[in-house]
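Reviewing the structure listed below.
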Amino acid sequence: MKGSKRVLDHLQSLLNGELAARDQYMAHSRMYRDWGLLRLYERLNHEMEEEIEHADALIERMQFLERQPDFSQQEKVHVGKNVKEMLKNDLAVEYEVSAALKDAIKVCEEEQDYDTRKMLLKL
């Protein structure tokens, strides 16, 4: 099923953000583990796993809509040097992804792609 270019462009953008978040969370979780901050490690490791699930859902939807994802467009990862900086960077990623998700849902409504919208609401 051929998807709307606008919807697919937003899905690609979301994928770029999810993959960057995954890498950032992985880096931070491993730093926390190295520093002996195991509760922070566990939390960020869980977040990383969720980002992988989100990326997988986006990839599957893009392929269903007949576009192969472009993995060369990943956004920049912001790895902190201390706990405060790391938490600040991770919160910023969550705000960015949330805003992009709201924009994508709006575009799905405008393009009348309610199945993609439903999938995005689960992310």
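Following the numbering used here, the numbering of the sequence shown begins with 18 at its first residue and continues without gaps.
Beta carbons are placed, not taken as given, at the ideal position from N, Cα and C, and that holds for glycine.
Residue i, enclosing alpha helix (DSSP H) - first and last residue
i: residue 94; result: No alpha helix (DSSP H) contains residue 94, which DSSP labels as neither H nor E.
i: residue 142; result: Residue 142 is absent from the model: the chain starts at 18 and stops at 140.
Reduced DSSP category for residue i - H, G, I as helix; E, B as strand; rest coil
i: residue 60; result: helix
i: residue 140; result: coil
i: residue 101; result: helix
i: residue 75; result: helix
i: residue 82; result: coil
i: residue 128; result: coil
i: residue 54; result: coil
i: residue 65; result: helix
i: residue 19; result: coil
i: residue 87; result: coil
8 Å CB neighbourhood of residue i in its chain, flanking five on each side removed
i: residue 58; result: 46, 47, 49, 50
Beta-carbon proximity check, residue i vs residue j, cutoff 8 Å
i: residue 121; j: residue 108; result: no
i: residue 94; j: residue 29; result: no
i: residue 38; j: residue 114; result: yes
i: residue 18; j: residue 83; result: yes
i: residue 118; j: residue 25; result: no
Any chain B beta carbon closer than 8 Å to residue i
i: residue 25; result: Chain labels in this structure do not include chain B; a single protein chain is all it has.
Own chain residues within Cβ distance below 6 Å of residue i, not counting five before or after
i: residue 3; result: Given a span of 18 to 140 for the chain in the structure shown, any question on residue 3 remains unanswerable.
i: residue 90; result: 33
i: residue 145; result: Summary: the structure shown does not reach residue 145, with the chain confined to residues 18 through 140, and so no result is reported for it.
Sequence-distant residues of its chain with Cβ nearer than 7 Å to residue i (five each side left out)
i: residue 69; result: 39
i: residue 71; result: 35, 140
Would you check if the stretch 18 to 35 and the stretch 68 to 79 touch, i.e. whether three or more CB-CB distances between them fall below 8 Å? A contact between stretches requires three or more CB pairs, one per stretch, nearer than 8 Å, and the stretch 68 to 79 meets this requirement with the stretch 18 to 35.
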